[in-house]
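Read top to bottom, the protein sequences are chains A and B.
For the first sequence, the working numbering gives the first residue as 20, with consecutive numbering after it.
For the second sequence, the working numbering gives the first residue as 20, with consecutive numbering after it.
Please read the structure below before turning to the comments.
There are 2 protein chains.
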Amino acid sequence: MPIGYIETNRIELWNRRAARERGSVAMTSHRICFLPAGQHGEIEAGTTLREAARLLGVGIETICGGQSVCGKCKVRVLEGPQPEHGISSSGAHVSPPTPDEQRYTGRRPLRDGERLSCQARVQGDVVIYVPEESRVDRPIILKATSDRSIEIAPMLHKHYVRPAPPSMADPRGDWERLAAALDAHFALRQLRIDPFALRQLPTALRAGKGAVTATVWDGREVIRVEAGYSERAYGLAVDLGTTTVAAHLCDVATGEVLASSATINPQVAHGEDVMNRIASSNGPNRLEAMQRLVVDAVGGLARETATQASITPLDIAEVVLVANTAMHHIFLGLDVQALGIVPFTPAVSGALDFKARDVGLAILPSANVHLLPIQAAFVGGDNVAVLIAEEPHLGDEVQLIIDIGTNAELLLGNRNRLLSASCPTGPALEGACIKFGTRATPGAIEKVRIDPATEAVRFRVIGNPRWSTRVEPGALQARGLCGSAILETVAEMFRAGIIDRTGCIRNGGGSPRVRPCAEGGYEFVVAWAEQTAIGVDITVTQEDIRAIQLAKAALYTGGQLLLRRFGIARPDRVVLAGAFGSVIDVQRALWLGMFPDCGIENVRAAGNAAGDGARIALLNRHKRAEAERMARQVEYVELTAEPGFMDSFVDATHLPHATDHFPSIADGWLAQRE
Amino acid sequence: MPIGYIETNRIELWNRRAARERGSVAMTSHRICFLPAGQHGEIEAGTTLREAARLLGVGIETICGGQSVCGKCKVRVLEGPQPEHGISSSGAHVSPPTPDEQRYTGRRPLRDGERLSCQARVQGDVVIYVPEESRVDRPIILKATSDRSIEIAPMLHKHYVRPAPPSMADPRGDWERLAAALDAHFALRQLRIDPFALRQLPTALRAGKGAVTATVWDGREVIRVEAGYSERAYGLAVDLGTTTVAAHLCDVATGEVLASSATINPQVAHGEDVMNRIASSNGPNRLEAMQRLVVDAVGGLARETATQASITPLDIAEVVLVANTAMHHIFLGLDVQALGIVPFTPAVSGALDFKARDVGLAILPSANVHLLPIQAAFVGGDNVAVLIAEEPHLGDEVQLIIDIGTNAELLLGNRNRLLSASCPTGPALEGACIKFGTRATPGAIEKVRIDPATEAVRFRVIGNPRWSTRVEPGALQARGLCGSAILETVAEMFRAGIIDRTGCIRNGGGSPRVRPCAEGGYEFVVAWAEQTAIGVDITVTQEDIRAIQLAKAALYTGGQLLLRRFGIARPDRVVLAGAFGSVIDVQRALWLGMFPDCGIENVRAAGNAAGDGARIALLNRHKRAEAERMARQVEYVELTAEPGFMDSFVDATHLPHATDHFPSIADGWLAQRE
């Protein structure tokens, strides 16, 4: 609840007390206490429990505003003496059930001792327990992967009202009568109405026999009007990536995820990485075409998730979208050419709110679309989403958060200071631009092991738990190598001495798996043709290894330069975010020196933190403000402008020694083969 | 200028003075006085004249905000002693011209003694004259038909700025840098930007080599960004009538009308009157089709007027539209079915602001469209426009304002009280549903005279100043009777005794002009076939006379019932608004008893007052607030619910006696034939 609102109530309470003390109001008053938080005060006899709660700053839910329809405001009247609150309370200290309350048969049945707080009135000292489901801004556990809980404080609220009926004596329009009713029952002042919602109003009033449910955004705009009583409000959290678009449909009042879906960003046909997309968006028609592709992709996910949840896309009344800067701009139809050239200028960096119809997104036309702020041309709203999901700014521990996508974004810091940077890792870590690279779908090789002594290889594919050595040659039907498997193969080749520290494949041992490659240099066979579904040997080439070396060098250099800026040698913790970060083999990534080595026990996978951040921002409006504030506080470091960048980068292309910097590399196995 | 703004400046001035008096600021200060209004005060040496003006609450125009580009802020430094202001001033009391000022060669050349107030600085006591063209909120004479002047205080302002250039060190987006520049130079805080304007920004910045002109709406939203310097801002005032749509393209900073155009409302194909339109809009697809028709008609006028003024529709950055309630609703796509049945409920009655794109109006997509508030289902925004144009609420005189369109709206009152009502006059007064009725276009008969003694008829047509009796029979090529001619014919027939007080055509005289009519009853020949372009006699039938009687009875009854409510016998003045009100022959309208007779000298035609009101609201934002206030204060009188309505109406269908109520009817001519 905003501070201002509580303050207003306190002033009102204070005024009433003052009036009573002056003797101008002769009323009996009683002590009342609300549990579990313990707010208490003196309240005039006859006040409803809900009004008493409001006056004391206790938020109780309601949709119907006191008409015994929604049951959201139910509370428990605690019986018997409550000495710890100084109150001896009993049921008789509250008015008996009203006829409306007795008739109530909604989806939240009243159990023993429970009352609708909009009906029950104070008539003696009393202690009231507000159950969690009736509380405004109650916390829920958002993520299974962490212990963090998130307070539900959505932008959208639904309000059921029955405006004054029209009459010859009252020339006001439907909207003016609805606005007056929303003001009277829910203290919503200075409301606007979206023209699309206005169009729904006359029909909804008629169909609802005079009663409607208004969906109010941010306490200031009616964005939807439905006939009669309607309870649930839906929002969509979208993570718009360069390669993948994912969406979660949520009930914004409960935080529940009702459906999820993902699709390939259809722009991949116009290039795998951000720079290609920028080039493909040069010119107004081409920009519009690229915009159309992503907007329609998001619209498709809206339709799909809505269908899963048995609603329609027109029920989706808010969207929070996180994306890197280029995707963010293209989604909005903003020129991206300046993003591709020095000094890499975005058209806008702050958070944005606009109507779904203004980008042609096929959901409720008056729905608000919120875009999280961006930090810089290559550190976008997706990274800000990671920030509000992981919250490094709230702790003392210095975290290095690495979000590996087609680009990698780094965050380093704690409550005192936060740095960010962007590393062009290239698409190799996602299995793209790799000879036998493939997306992480069933049949893709995901795990590779090489015996350092015999150079024997075994592997596993997605969708089958058995190693290749335990099945018939044709059983696994491997289709290619996904990103994590390429990384593992290179790490295992390094440990087995098949490649040296410069990444060159050694052709000394006469192994049948090492052979000249058509593209130049040598290649290493991971799977023989008879083990595959594609009928040819699946190999890792010298070029593939170089691509992995460049990617890991970029990541490592980025981390090192940020640490230097921050003034420390290593972080307390490394957090790997993003889909790749979740499947990566941490031990092997450390062997390759992908990120500063702070010990394997201090590396944590955070799952899809950007997607989680989008959900958090969808469910909690205060987190949007926090995101905006933090995006401005984070110091962006342009790595290529840092002194020594190029030297560090070139050094980092080498595979690491076992040194103080790389405690994860066992001296043993390196010594053994050197 | 809003009070709050002046107050802020005064506080700033006061703080500076206080600081100086406390000795914390050691500065020389000088007396300065601004003419013609005479604001004066002490200003620190070195302050620019424009800043001094701002501190003293003197509004001086600027577009470039002090960059010597626009020349809008020029002032005259008055030489020599100015004893009446207690100041002995000379040019030396102001700093010499700056290099920027010397280089200034804009469209407002500096004449002798003139300076750019953004460049010249105070260095002695001085008197400054602010010429009218440099003043903010300066008044202009809006209407040739009255002496009223209107203060120009538009919603749109243009601001030329050069935001900080992008750099690697500044990760802010283009918009954040533009917003900072607008804040720094024009004190525009908390600005938003429309997504369509945001799309223009990166390209405009590049094309303008870092300089852009931002169009700001209501001091809070950037709705357009143009490359480089651009001065004029355009708005369209639209009067959307049931039959005619008219538009005026204005320069909102000068009030100048640059082009005007009008067209037939294409919905006339779906019925002549409002009730037919409501019936034709029943059902979502039909409503959308009807909306499309009017929106495209307004879009067509936008294109036409823009072409006349050598701009494009995308230059039109604001629209004020006035319309009756049904047209208002259909333009917005609002269901109108409730307007057609008791209790005649509008969907919305307050003023509305929305984006042009949200109704599909083909002008600047981010342009604001303002709809004036409506008073009731049959007293629309067009009547509110008449109100703010005629301003009966500002005077003591009790005015009866009659706006005759397809419906007639009445306003009665003065500064103490205002009543409104609506009369269903039908389309007869516009020449529709009349046997030989036609629109008021060239060839239509507009004047008719009948000699009471001989029953000889003469007439004139639109586009020819000669009477039919002065030319060859075939010379005038009459095509039909326009509304005012039908009214005149009936009045002349009444005076000549051809019809009696019940409106029946007397067939006693054996005149060749009176003959049986195919449709029943008799008809009266106004023009013989050889005088026409249509080859048949143009007549007025008994049915036509009945239609006029019903129309005038409705008008008269409405006026009488309002007078009774107001508690007076007759108004001080009758004002006839609307196209028909301007061409009507007042003498003959009085003979027919069309409105309460307060003497012909007290009847005034106000021209297209609704259109004038739309222009006023376009040019002056304060008038919009006044319209909203007044629309709520006017008491709407539902005539059909008034006691005695039906009796009054039936009585009023008769043509009047010469009585106290009808002094304009000469006893003489009535006596002569009775």
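Positions of the beta carbon are idealized from the N, C-alpha and C atoms, including for glycine.
query: Use the C-beta contact count for residue 665/B: other C-beta atoms within 10 angstroms, 16 or more gives buried, fewer gives exposed.; result: exposed
query: Starting from residue 329/B, trace the alpha helix (DSSP H) both ways and give me its first and last residue.; result: Unbroken run through residue 329/B: none, as it is neither H nor E.
query: Is residue 51/A helix, strand or coil by DSSP?; result: strand
query: Could you give the distance in angstroms between the alpha-carbon of residue 196/A and the alpha-carbon of residue 474/B?; result: 59 Å
query: Tell me which residues of the region 511–541 of chain A have at least one Cβ-Cβ distance to chain B shorter than 7 Å, keeping chain order.; result: none
query: Apart from the five residues just before and just after residue 449/B, which ones in its own chain have a Cβ nearer than 7 Å to its Cβ?; result: 262, 425, 502, 599
query: So, is the C-beta of residue 185/B closer than 8 Å to a C-beta in chain A?; result: yes
query: Please list the partners that residue 194/B has in chain A, where partner means a Cβ-to-Cβ separation under 8 Å.; result: 366, 367, 368, 369
query: Taking C-beta pairs closer than 7 Å, name the residues in chain B that residue 218/A reaches, listed in chain order.; result: 352, 353
query: Grouping DSSP H, G and I as helix and E and B as strand, with all else coil, what is residue 458/B?; result: coil
query: Since residue 655/A meets chain B, which of its residues come closer than 7 Å, beta carbon to beta carbon?; result: 190
query: What residues in the region 394–411 of chain A bring their beta carbon closer than 7 Å to a beta carbon of chain B?; result: 394, 395
query: Measure the C-alpha to C-alpha separation of residue 243/B and residue 618/A and round it to an integer number of angstroms.; result: 54 Å
query: Once DSSP output is grouped into helix, strand and coil, what is the label at residue 177/B?; result: strand
query: For chain B, is any of its Cβ atoms less than 8 Å away from the one on residue 128/A?; result: no
query: Going by C-alpha to C-alpha distance, which of 204/A, 181/A, 283/A, 609/A sits closest to residue 231/A?; result: 181/A
query: Given that residue 357/B touches chain A, what residues does it touch there, using C-beta distances under 7 Å?; result: 221
query: Please check if any C-beta of chain A sits within less than 8 Å of the C-beta of residue 375/B.; result: no
query: Name the two residues that bound the continuous alpha helix (DSSP H) containing residue 543/B.; result: Residue 543/B -> not in any alpha helix (DSSP H); beta strand (DSSP E) instead, spanning 541–546.
query: Could you compute how far the alpha carbon of residue 422/A sits from the alpha carbon of residue 259/B?; result: 57 Å
query: Chain B partners of residue 608/A, CB-CB under 7 Å?; result: Here the premise fails: no neighbours, minimum Cβ distance about 29 Å.
query: Under a three-way DSSP split, which group does residue 466/A fall into?; result: strand
query: Return the CA-CA distance between residue 292/B and residue 632/B, expressed in angstroms with no decimal places.; result: 23 Å
query: What residues are listed by DSSP as bridge partners for residue 253/A?; result: 270/A, 335/A
query: Using a Cβ-Cβ cutoff of less than 6 Å, which residues in the same chain neighbour residue 212/A once the five nearest sequence positions on both sides are dropped?; result: 194, 241
query: Which residue from 435/A, 492/A, 444/A puts its Cα closest to that of residue 586/A?; result: 435/A
query: Along the chain, where does the beta strand (DSSP E) that runs through residue 438/A open and close?; result: 437–442
query: Quick check on residue 534/A: does DSSP put it in helix, strand or coil?; result: strand
query: Which residue spans inside the region 388–417 of chain A form an unbroken alpha helix (DSSP H) run of at least 4?; result: 400–409
query: Output, in chain order, the set of chain A residues within a Cβ distance shorter than 8 Å of residue 660/B.; result: 187
query: Can you tell me where the beta strand (DSSP E) with residue 619/A in it begins and where it stops?; result: Note, residue 619/A: premise wrong, no beta strand (DSSP E); not H, not E.
query: Indicate whether residue 658/A and residue 440/A have their beta-carbon atoms separated by less than 8 Å.; result: yes
query: What span of residues does the alpha helix (DSSP H) with residue 139/A cover, start to end?; result: Note, residue 139/A: premise wrong, no alpha helix (DSSP H); not H, not E.
query: What does the alpha-carbon distance come out to for the pair residue 71/B and residue 59/B?; result: 9 Å
query: Return the residue from the list 304/A, 305/A, 313/A, 640/A that minimises the CA-CA distance to residue 283/A.; result: 313/A
query: Mind pulling the chain A residues with CB within less than 7 Å of residue 182/B?; result: Within 7 Å Cβ-Cβ: nothing; residue 182/B doesn't reach chain A, min ~11 Å.
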